[in-house]
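Asker:
2 protein chains.
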Amino acid sequence: MAGVIRFDQHPSETLRVGDGFSLSDVDPDSTPGYSGTKEDGRLLLADMDDELTELQEKLFAESRFGGRKRILLILQAMDTAGKGGIVKHVMAAMDPQGVQFKAFKAPTDEEKSYDFLWRIEKEVPAAGMVGVFDRSHYEDVLIHRVHGWASPDEIKRRYAAIREFEDRLTDSGTKVVKVMLHISGKEQKERLLARLDNPEKHWKYNRGDLDERAFWEDYMNAYQSAIEETSTPDAPWHVVPANKKWYARIAVQQLLLGALEDLHLEWPKAEFDVPTERELILRS
Amino acid sequence: MAGVIRFDQHPSETLRVGDGFSLSDVDPDSTPGYSGTKEDGRLLLADMDDELTELQEKLFAESRFGGRKRILLILQAMDTAGKGGIVKHVMAAMDPQGVQFKAFKAPTDEEKSYDFLWRIEKEVPAAGMVGVFDRSHYEDVLIHRVHGWASPDEIKRRYAAIREFEDRLTDSGTKVVKVMLHISGKEQKERLLARLDNPEKHWKYNRGDLDERAFWEDYMNAYQSAIEETSTPDAPWHVVPANKKWYARIAVQQLLLGALEDLHLEWPKAEFDVPTERELILRS
């Protein structure tokens, strides 16, 4: 569409974690690579829906003919950062048949009795799907580190296990897209207050969020360490400034589009003779 | 929105199967209860998205506070009738977090070794979810009857088993919405030809669809019988004329809206003292 303001620089470049990354240098209010306004962002989000839908359909179509490709979007963030909004506003444009969504809650007793990747492995997306994890195996190196539920040695073991796990995903055809939505502590305070102001949002309010908020610095340190330890060439982290929800949405949409484009998808070729089939249908 | 043409009569009334129902009396080209055009239908579909989304969020919210309510939309149809389009155009407006989609393919050897409801039971929607079955346990009384894979006695046993199964779903808080999308044989022929005309649709073409097409009358008889035998007050069938895709979409959207309204959903009340929490957040 003419007049839509696009990114100057692709978020897969600007938001990708590289050497010497420091989370504290990322300004949650910034909009890297994008010079448009909130309204421009809204238009861009809508404008890209058709492309996203077509790429998703191609991905699905390939899998019907033996294709092994798939996407796994991993969303991590402090509470209220907008994971749900990403799913609702970015993923909702996609065909629900091709989206495999999983929210990881606190593990059950059964899940705790296994290695931390046991419950994750069962939810990896099928071929042709766009999988979305709302929280993930990263909780086991974030909240576990913050509260000391695992020793420093165990956390280190988990970093290595995560790298190997994600390597295996890549080897089996999965494009792993890791996103941390980054808000400021001040922004979180405002969003928590806003939930109290609106009775229709009261169900989203949880005292537990406030308890975790008290560990903000520890969480930032845990994120810094996890991001450093698990950013690999095939499965890099992207830190998305998220104080502006509209920016986070278009940025994650672009990351998804980029990941789908990297898969070089093609419509499957007919394995049948078109004139023969046409004749059969006409005679049916 | 002003100017949007709405249904004169709700599809839950006009399309609901009652005593003396005869599938052969339903005209697949008709648009019962709706006097608008294709363009009017498109506008209506878009206009109802927000209401659908809000009801879905309420359903989800209730479940976070112990609510047991949920929806199960069962879609059955001849090939090319537009099940996929319903999912893409009606369900896609919903938050993917609250949609539980399952397409049932030909059963695996493991699935065949159990009772036919074994694999179905595992996919019933969780509390708070809108479940969608693309094909279902009805295949076991449709294609199985048409090809004689089950004896008449066994088909009869399955009708009873389905009634009991769906009663249990209702008793545990599920609103079951059963939809047959009804197209004509002529319309199917045109849609199959259209798939051949567009190389981007070749992947959807399947010679097997043509083989089943040869059994059209047997399928219509199997549908008539299944619909008669399993339409119950709590889980009635709806036969949706589907030669006009736009009509089928707004009709199913209305059936979903009606089902959600029948659940009398409410936003959960705060179980905390709002001023106390506000003070805690401000001090954090």
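Same order as they appear, the protein sequences are chains A and B. According to the UniProt record's numbering, numbering within the first sequence proceeds without interruption in unit steps and concludes at 284. According to the UniProt record's numbering, numbering within the second sequence proceeds without interruption in unit steps and concludes at 284. Where a beta carbon is used, it is the ideal one built from N, C-alpha and C, also for glycine. Keep in mind that this is a model prediction, so the values were computed, not measured.
According to the Cβ coordinates, are residue 241 of chain B and residue 28 of chain B closer than 8 angstroms?
Answerer: Result yes, Cβ atoms of residue 241 of chain B and residue 28 of chain B sit closer than 8 angstroms.
Asker: Alpha carbon to alpha carbon, what distance is there between residue 141 of chain A and residue 226 of chain A?
Answerer: The straight-line gap from Cα to Cα measures roughly 7 angstroms.
Asker: Quick check on residue 152 of chain B: does DSSP put it in helix, strand or coil?
Answerer: Three-state DSSP puts residue 152 of chain B in a helix.
Asker: Between residue 82 of chain A and residue 181 of chain A, is the Cβ-Cβ spacing less than 8 angstroms?
Answerer: The answer is yes: Cβ separation under 8 angstroms.
Asker: Quick one: is residue 213 of chain A near chain B, going by C-beta distance under 8 angstroms?
Answerer: Yes, its Cβ sits closer than 8 angstroms to a Cβ of chain B.
Asker: Is the beta carbon of residue 246 of chain B sitting closer than 8 angstroms to the one on residue 199 of chain A?
Answerer: Not in contact: residue 246 of chain B and residue 199 of chain A (Cβ atoms no closer than 8 angstroms).
Asker: So, is the C-beta of residue 281 of chain A closer than 8 angstroms to a C-beta in chain B?
Answerer: Output row for residue 281 of chain A: interface = yes.
Asker: Taking only beta-carbon atoms, is residue 178 of chain A less than 8 angstroms away from chain B?
Answerer: No, residue 178 of chain A does not count as interfacial toward chain B.
Asker: In chain order, which alpha helix (DSSP H) runs of at least 4 residues are fully inside the stretch 212 to 281 of chain A?
Answerer: Correct list: 216 to 230, 245 to 262.
Asker: Are the C-beta of residue 95 of chain B and some C-beta of chain A separated by less than 8 angstroms?
Answerer: For residue 95 of chain B, the answer is yes, since a Cβ of chain A falls inside 8 angstroms of its Cβ.
Asker: For residue 134 of chain B, write down the residues that DSSP places opposite it in a beta bridge.
Answerer: According to DSSP, which records beta bridges pairwise, residue 134 of chain B is partnered with B:75, B:103.
Asker: Is the beta carbon of residue 71 of chain A sitting closer than 8 angstroms to the one on residue 36 of chain A?
Answerer: Against a cut-off of 8 angstroms, the Cβ pair of residue 36 of chain A and residue 71 of chain A comes out as no contact.
Asker: By a C-beta neighbour count over all protein chains shown, 10 Å radius and 16 as the cutoff for buried, is residue 172 of chain A buried or exposed?
Answerer: So residue 172 of chain A ends up on the exposed side.
Asker: Would you kindly check if the distance between the Cβ of residue 104 of chain B and the Cβ of residue 139 of chain B is under 8 angstroms?
Answerer: Contact flag set, yes.
Asker: Give the DSSP-derived three-state secondary structure of residue 300 of chain A in the structure shown.
Answerer: The question about residue 300 of chain A has no answer here: the residues shown for chain A are numbered 1 through 284.
Asker: What is the residue span of the alpha helix (DSSP H) that residue 9 of chain A lies within?
Answerer: Neither: residue 9 of chain A is in no alpha helix (DSSP H) and is coded neither H nor E.
Asker: How about residue 207 of chain B: is its C-beta nearer than 8 angstroms to some C-beta of chain A?
Answerer: Judged by the 8 angstroms Cβ criterion, residue 207 of chain B is in contact with chain A.
Asker: Taking only beta carbons into account, state which residues of the stretch 52 to 70 of chain B come closer than 7 angstroms to chain A, listed in chain order.
Answerer: The residues in question are 61, 64, 65.
Asker: Where does residue 68 of chain A fall in DSSP's three states?
Answerer: It is coil, neither helix nor strand.
Asker: Along the chain, where does the alpha helix (DSSP H) containing residue 203 of chain B start, and where does it finish?
Answerer: Premise fails: residue 203 of chain B is in no alpha helix (DSSP H) and is neither H nor E.
Asker: Going by other Cβ atoms of all chains shown within 10 Å of its Cβ, with 16 needed for buried, is residue 34 of chain A buried or exposed?
Answerer: Looking at its Cβ environment, which holds 16 or more other Cβ atoms inside 10 Å, residue 34 of chain A is buried.
Asker: Report the partner residues of residue 175 of chain A according to the DSSP bridge assignment.
Answerer: Its beta-bridge partners are A:71.
Asker: Quick one: what's got a C-beta closer than 7 angstroms to residue 255 of chain A's C-beta in the same chain, skipping five residues either side?
Answerer: So the list reads 11, 12, 177, 179, 238, once near-sequence residues are dropped.
Asker: I need the straight-line Cα distance from residue 145 of chain B to residue 16 of chain A, nearest angstrom please.
Answerer: The alpha-carbon atoms of residue 145 of chain B and residue 16 of chain A are separated by roughly 56 angstroms.
Asker: Give the residues of chain B in contact with residue 290 of chain A, contact being defined as C-beta atoms less than 9 angstroms apart.
Answerer: This structure cannot speak to residue 290 of chain A, because chain A is shown only from 1 to 284.
Asker: Using a Cβ-Cβ cutoff of less than 7 angstroms, which residues in the same chain neighbour residue 259 of chain A once the five nearest sequence positions on both sides are dropped?
Answerer: Excluding positions up to five away in sequence, the list reads 71, 175, 177.
Asker: Does the beta carbon of residue 104 of chain B come closer than 8 angstroms to any beta carbon on chain A?
Answerer: Closer than 8 angstroms: no.
Asker: Return the CA-CA distance between residue 229 of chain B and residue 57 of chain B, expressed in angstroms with no decimal places.
Answerer: Spanning the two alpha carbons is a distance of roughly 34 angstroms.
Asker: With a Cβ-Cβ cutoff of 8 angstroms, do residue 165 of chain B and residue 117 of chain B count as a contact?
Answerer: Yes.
Asker: Assign residue 63 of chain B to one of two classes, buried (16 or more other C-beta atoms within 10 Å of its C-beta) or exposed (fewer than that).
Answerer: Buried is the call here.
Asker: Out of B:2, B:32, B:93, which one is the CA nearest neighbour of residue 46 of chain B?
Answerer: Nearest C-alpha to residue 46 of chain B: B:93.
Asker: Alpha carbon to alpha carbon, how far is residue 275 of chain B from residue 206 of chain A?
Answerer: The straight-line gap from Cα to Cα measures roughly 14 angstroms.
Asker: Between the C-alpha atoms of residue 79 of chain A and residue 216 of chain A, what's the straight-line distance to the nearest angstrom?
Answerer: Whole-angstrom Cα-Cα distance: 11 angstroms.
Asker: Report the option in A:184, A:109, A:160 whose CA atom is closest to the CA atom of residue 243 of chain A.
Answerer: The option with the nearest alpha carbon to residue 243 of chain A is A:184.
Asker: Going by CA-CA distance only, name the one from A:108, A:30, A:231, A:43 that's closest to residue 21 of chain A.
Answerer: The shortest Cα separation from residue 21 of chain A among A:108, A:30, A:231, A:43 belongs to A:231.
Asker: Return the first residue and the last residue of the alpha helix (DSSP H) that residue 43 of chain B is part of.
Answerer: Note, residue 43 of chain B: alpha helix (DSSP H), 38 to 47.
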